[in-house]
Structure formats: C-alpha cells, structure tokens
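Inspection log for the structure reproduced underneath, given as structure tokens.
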C-alpha cells in the first residue's frame, strides 16, 4: 500500500526543487518519444525552470545518453526520408526547428546519398504520375515539380526527374524550366 500525500498537497503537485521539477518534466517528455536537447530546453523554459537547473539536468541526461541529438538527427533523417520522401534540405529545416545544432544537422543530412535522394524523387514522381494523367503537360509538370519542391528537392533535380518521367510516358517535354503558375 502506498503512502498518502502530505495533508494539503496533492500527489500531482510538482516537486518544489527546480532540478527535480526539470528532471520530472524531461523524463515525462522522453517517455513517449526521443527529444532533442533544444526541445527539452524550450519545454523547461516555458515551465519557468531556472536556466542553471535546466542546464544541470540536460547536461546529466546527455552524459548518460538519454539525450543524444546526433542519434536523434540520424534516425530522423532515415525515417523521414524513407517514410515521407523528404530531401536533405527539408530534413535539415525540420531538424533546425527541433533545436538540433547546425553541425549535427549537417552531419546527419550528409549521410543522404545523392543517388538515393534522386531514386526517392523518381519513386515519388512515379506514384503521383497517374493522378496527373489527363491534365495538360504544363499543369502536370507544375504539379509534379511542385510536389518535389515542397519535399525539399532542388529545382534542377525536380525538373529533370519530372521531365524524364513524362518523356517515358510519351509526353513531349521540350522545356527545362517550370512554366509560370496559372492553375
């Protein structure tokens, strides 16, 4: 049988010690999914944990491996590239938004092989190609290249991959540039 809380204090009350509060917040956040140091810092800041207490807990969690931004970034790149087809540029943006340091982001994204990235772009275009049949050529080109652009692929690669896919379908694609938007 558990001990009952002190009179006037609920079990859900946070500990008074800021280090203990920071530790509890971080452990709770790390229970569901891996987090970056930046995400945890932001959560502690929002909960008004003093900076020194937050730094002490975060430093200790890094020492014992509960926080590992490099491992998080590598797993994120692998997962989001395979699962969503995102290119390095989009992945880097997502990692920066999650508070991962620029050198760690660069290292994680550098692990993406340009050939693999191009293969992924081709697969994305092939999947979307059927849905654009019946549309005029310029509209198909815009939709397919736009889809790749939103996923972070460079314009040159996007246009080349789309052009090749349309040519394989028998479309004449003499233009290398994206036509002006118009619908």
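Residue numbers (my numbering): 9 to 191. For glycine and all other residues, C-beta sits at the position ideal for the given N, C-alpha and C.
Decide if residue i is buried, meaning its Cβ has at least 16 other Cβ atoms within 10 Å, or exposed.
| i | result |
| --- | --- |
| residue 191 | Below a pLDDT of 50, predicted positions are generally treated as unreliable, and residue 191, at 47, falls in that range; the measurement from the model is reported next regardless. It is exposed - the Cβ of residue 191 has fewer than 16 other Cβ atoms within 10 Å. |
| residue 31 | buried |
| residue 47 | buried |
| residue 19 | In this predicted model, residue 19 has a pLDDT of only 43, less than 50, meaning its place in the structure is not dependable; the value taken from the coordinates is given anyway. Classification of residue 19: exposed, given that the 10 Å Cβ count is below 16. |
| residue 79 | exposed |
| residue 127 | exposed |
| residue 77 | buried |
| residue 52 | buried |
| residue 39 | exposed |
| residue 96 | buried |
| residue 139 | exposed |
Could you give the first and the last residue of the continuous alpha helix (DSSP H) run that contains residue i?
| i | result |
| --- | --- |
| residue 46 | 45-54 |
| residue 39 | 26-40 |
| residue 178 | First-last for residue 178: undefined, no H or E at that position. |
At a cut-off of 7 Å, would you count residue i as near the ligand ADP, judging by its Cβ distance to the nearest heavy atom?
| i | result |
| --- | --- |
| residue 42 | Among the components of this structure there are no ligands whatsoever, and the ligand ADP is therefore not found. |
> How about the segment 130-146 and the segment 69-81: do they share at least three Cβ pairs that are nearer than 8 Å?
Replying inline: Using a Cβ-Cβ distance cut-off of 8 Å, the segment 130-146 and the segment 69-81 are not in contact, since fewer than three pairs of beta carbons, one from each stretch, lie closer than that value.
> What are the uninterrupted segments assigned as alpha helix (DSSP H) that are 4 or more residues long and contained completely in the segment 123-160, given in chain order?
Replying inline: Fully enclosed alpha helix (DSSP H) runs of 4 or longer: 145-158.
> Are three or more beta carbon pairs between the segment 112-130 and the segment 78-92 nearer than 8 Å?
Replying inline: Touching, yes, given that three or more Cβ pairs across the two stretches are closer than 8 Å.
> Unbroken alpha helix (DSSP H) runs of length 4 or more, entirely within the segment 65-120: which are they?
Replying inline: Within the segment 65-120, the complete alpha helix (DSSP H) runs of at least 4 residues are 77-92, 96-105 and 110-118.
> Three or more C-beta pairs closer than 8 Å, one from the segment 161-172 and one from the segment 99-112: is that the case here?
Replying inline: Because the criterion of three Cβ pairs below 8 Å is not met, the segment 161-172 and the segment 99-112 do not touch.
>> So, does the segment 148-167 touch the segment 121-130, judging by three or more C-beta pairs under 8 Å?
In response: Judged by Cβ distances under 8 Å, the segment 148-167 makes contact with the segment 121-130, as three or more pairs qualify.
> Any chance the segment 144-160 sits against the segment 107-114, with 3 or more Cβ pairs inside 8 Å?
Replying inline: The segment 144-160 is not in contact with the segment 107-114.
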